[in-house]
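**Q** Please see the structure below; I have some questions.
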Amino acid sequence: MSLAGAPALAVHQGSREEALRRGVVLFFHGLGGFKEVNERELGVFAERGLFAVGIDVVGQGERRYPDFDARFAHGNPRMEEEFLQVVQATANEVPAVLDALVSLGAHPERLGIAGVSQGGFITYRALLLDRRLRAAVALLGSPEWALALPESPHLHAERFFPVALFSQTAGQDDVVHPGPARSFHERLAPLYAQAPERLRYREFPLSGHMMRPEDWEEAIRDAADWLVRFLAMPRAPPG
């Protein structure tokens, strides 16, 4: 399917209409991936009653750049710039994607977002672009960009509350260091003083960027719990 021009994969249980009303989560994959690579994670969210939507990030998946490998080669001096352009372009699409989902029947007050690595960067940025997003889980991402750009989410901590934000990082991560997310949550804590239950940071000390399977399973399970807690309408009793 396509949502506002973005290739998308929707996973849900039961009727589409009911799942859309119960709660929606957008999920963004890592660099070089595609929406289907996280189909299992989408399934975990769907099992909890959410309408889970994987999105192909700009320049990847069905819309992969022909020169993707050259753009994101470690020897490319513009690699970080290329990466952040993709993050911003994808985040900029989120409001239109949410509009499309609401037009399909999504409840406008039960919209969430999550993503891993590159998708975590997108998650932080998108929260600044659409206040309809009520809950978010950033996995192995960073709110602080390597380039000094005014759009970097860490510069706008005051705009995050009251989003229910759960960041999960890996203590041994040498691709996306956990320090910036940890520091950001320390800065957010006083801003969430009136509702501290809406903010959570967790670091897996033994995992690197490719997390240990048992840690990843726990991270996704807890992500689903978080999103359901702050988004989902309770299921109707059977019968």
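Going left to right, the sequence shown walks through residues 327 to 565 as my numbering numbers them. From the three backbone atoms N, C-alpha and C, an ideal C-beta is built for every residue, glycine too.
1. Please list the terminal residues of the continuous beta strand (DSSP E) segment that includes valine 554.
2. Restricting to Cα atoms, I'd like to know which of Gln444, Glu435, Ala432 and Leu346 is closest to leucine 410.
3. Arginine 342: which of Leu357, Val370, Phe353 and Leu376 sits nearest, CA to CA?
4. How many angstroms separate the CA atom of glycine 340 from the CA atom of alanine 372?
5. Hey, would you say glycine 467 sits closer than 8 Å to glycine 441, going by beta carbons?
6. To the nearest angstrom, report how far apart leucine 525 and glutamine 494 are at their CA atoms.
7. Distance check for glutamate 540 and histidine 400, CA to CA, integer angstroms please.
8. Since histidine 355 contacts glycine 380 with CB under 8 Å, what's their CB separation in whole angstroms?
9. Nearest by alpha-carbon distance to valine 350: which of Leu424, Asn418, Asp395 and Pro392 is it?
10. In angstroms, rounded to a whole number, what distance separates the CA positions of leucine 346 and arginine 404?
11. Is the beta carbon of histidine 480 sitting closer than 8 Å to the one on valine 501?
12. Would you kindly work out how many angstroms separate the C-alpha atoms of glycine 358 and glycine 446, rounded to a whole number?
13. Opposite serine 328 in the DSSP bridges: which residues?
14. Near arginine 485, which residues of its chain fall below 6 Å by C-beta distance, leaving aside the five closest residues on each side in sequence?
15. Is it true that the CB of proline 488 sits closer than 8 Å to the CB of glutamate 529?
16. On the DSSP bridge list, what partners appear for leucine 427?
17. Near arginine 457, which residues of its chain fall below 6 Å by C-beta distance, leaving aside the five closest residues on each side in sequence?
18. Restricting to Cα atoms, I'd like to know which of Ser429, Glu407, Arg436 and Val383 is closest to asparagine 418.
19. Using DSSP bridges, identify the partner residues of glycine 438.
20. Is proline 564 helix, strand or coil by DSSP?
**A** Checking against the coordinates, here is how it stands:
1. It is not in any beta strand (DSSP E) - valine 554 instead sits in the alpha helix (DSSP H) that spans 539–557.
2. For leucine 410, the nearest C-alpha among the options comes from Gln444.
3. Check the Cα spacing between arginine 342 and each of Leu357, Val370, Phe353 and Leu376: the tightest is with Leu376.
4. It is roughly 9 Å from the alpha-carbon of glycine 340 to the alpha-carbon of alanine 372.
5. Result yes, Cβ atoms of glycine 467 and glycine 441 sit closer than 8 Å.
6. Spanning the two alpha carbons is a distance of roughly 11 Å.
7. The C-alpha of histidine 400 lies about 30 Å from the C-alpha of glutamate 540.
8. Indeed, because the Cβ distance is near 7 Å, the residues count as touching under 8 Å.
9. The residue among Leu424, Asn418, Asp395 and Pro392 with its C-alpha nearest the C-alpha of valine 350 is Leu424.
10. Cα atoms of leucine 346 and arginine 404: separation of roughly 40 Å, rounded to the nearest angstrom.
11. Result no, Cβ atoms of histidine 480 and valine 501 do not sit closer than 8 Å.
12. Approximately 14 Å, taken between the alpha carbons.
13. Per DSSP, Pro333.
14. Hits under 6 Å: Leu454.
15. Glutamate 529 is not a Cβ neighbour of proline 488, given a cutoff of 8 Å.
16. In the DSSP secondary-structure assignment, leucine 427 is not bridged to any residue.
17. Closer than 6 Å at the Cβ level, and outside the excluded window around arginine 457, lies no residue.
18. The alpha carbon of asparagine 418 has as its nearest neighbour, out of Ser429, Glu407, Arg436 and Val383, the alpha carbon of Val383.
19. Paired residue(s): Val351 and Ala461.
20. The pLDDT assigned to proline 564 is 48, lower than 50, so where the model puts this residue is not dependable, and the model offers no usable value.
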